[in-house]
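Peer 1: Pasting in a structure now, in structure tokens, and then I'll have a few things to ask.
Right, here's the structure in full:
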């Protein structure tokens, strides 16, 4: 049996809702399948009225991100200044790639008819019946909170599929950070917009995914449906119940002074 056939069977067994909204995180390394076939299998499971959404983040566009710090780590201070001023291109939702998000995310982003939200660092891309509705109006001052597509996905009763990846990359948990009690700390971010060297500063929640794997491990088993594909675990769950649970966990367990 081919890996594509196994994937199609698994998606049916997991019970993905036809006509629903599905946010997917995946690693295709080792599957032998091109992202176009995986995209098409997911769209077939969702049916003609469904919507497929992926993170299309561009941390490379911000000099306050881990990705940027890694990229300039080998440069001198002067070289880093030149890189920031001349070589960091401004975010364009139509053309800026999302290399750190994996092959499926880039495939969805570049699919004809795809929609992408407008945040210069944490955009999302989607295909399907509700993509434009769910991904519009992404406030540039709100990465992944109440004025982002994540809040709309939550309201739409979206499902989340972790396809051969773990909870450590689960973007939906960032919405739980915004909903912590008391409110989480904030920090300053900067992105390039409009033209090279045009830096746009803004303040938002200090996002921290370091304990997401632990939060996911604590989710009640009844919320999760699991399987395996190409040697790795696949997990499907409803976003609402998981975000509510993780928000409560973060409010109880996370130490404020853990955030840097």
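Residue numbers (our numbering): 63 to 322. Where is the CB? At the ideal position from N, CA and C, for every residue including glycine.
I believe residue 118 touches residue 73 by the beta-carbon criterion, under 8 Å. Please report the beta-carbon distance rounded to the nearest angstrom.
Peer 2: Incorrect: roughly 22 Å between the Cβ atoms, too far for contact.
Peer 1: Only counting the same chain, and skipping five residues up and downstream in sequence, which positions put a Cβ closer than 7 Å to that of residue 309?
Peer 2: Excluding residues within five positions, the ones whose Cβ falls inside 7 Å are 238, 241 and 242.
Peer 1: Can you grab the Cα-Cα spacing for the pair residue 179 / residue 151, in whole Å?
Peer 2: When rounded, the distance between both Cα atoms is 18 Å.
Peer 1: Among residues of its own chain, excluding the 5 on either side of residue 89, which ones have a beta-carbon nearer than 7 Å to its beta-carbon?
Peer 2: So the list reads 164, 226 and 227, once near-sequence residues are dropped.
Peer 1: Between the Cα of residue 301 and the Cα atoms of 84, 63 and 76, which residue gives the shortest distance?
Peer 2: Residue 84 is the option with its Cα nearest to residue 301.
Peer 1: Should residue 131 go down as buried or exposed, given a rule of 16 or more other Cβ atoms within 10 Å for buried?
Peer 2: Flag for residue 131 reads exposed.
Peer 1: Per the contact definition of three or more C-beta pairs closer than 8 Å, is the stretch 190-200 in contact with the stretch 211-219?
Peer 2: With the cut-off at 8 Å, the stretch 211-219 and the stretch 190-200 touch.
Peer 1: DSSP on residue 299, reduced to helix/strand/coil?
Peer 2: Strand at residue 299.
Peer 1: Roughly how many angstroms lie between the CA atoms of residue 283 and residue 69, to the nearest whole one?
Peer 2: Using only the alpha carbons, I get a separation of about 22 Å.
Peer 1: I need the boundaries of the alpha helix (DSSP H) containing residue 72, first residue and last residue.
Peer 2: Looking at the DSSP string, the run of the alpha helix (DSSP H) that includes residue 72 is 65-76.
Peer 1: Using the Cα positions of residue 205 and residue 182, report the straight-line distance between them to the nearest angstrom.
Peer 2: Roughly 9 Å between the two C-alpha positions.
Peer 1: Measuring CB atoms only, is the stretch 248-260 touching the stretch 130-149, in the sense that at least three cross pairs come out at less than 8 Å?
Peer 2: Judged by Cβ distances under 8 Å, the stretch 248-260 makes contact with the stretch 130-149, as three or more pairs qualify.
Peer 1: Starting from the Cα of residue 275, find the closest Cα among 267, 98, 160 and 311 and give me that residue.
Peer 2: Taking only the C-alpha atoms, the option nearest residue 275 is 311.
Peer 1: Run the CB neighbour count on residue 167, radius 10 Å, all protein chains shown included, and call it buried at 16 or more, exposed below.
Peer 2: Residue 167 comes out buried.
Peer 1: Rounding to the nearest angstrom, what Cα-Cα distance links residue 141 and residue 155 in this structure?
Peer 2: Roughly 28 Å separates the two Cα atoms.
Peer 1: Which one of 295, 251, 144 and 106 has the shortest CA to CA distance from residue 268?
Peer 2: Ranking the options by Cα distance to residue 268, first place goes to 251.
Peer 1: Are residue 86 and residue 285 close, meaning C-beta to C-beta below 8 Å?
Peer 2: Not closer than 8 Å, so no.
Peer 1: Only counting the same chain, and skipping five residues up and downstream in sequence, which positions put a Cβ closer than 6 Å to that of residue 303?
Peer 2: Counting only Cβ-Cβ distances below 6 Å, and skipping sequence neighbours, we find 285.
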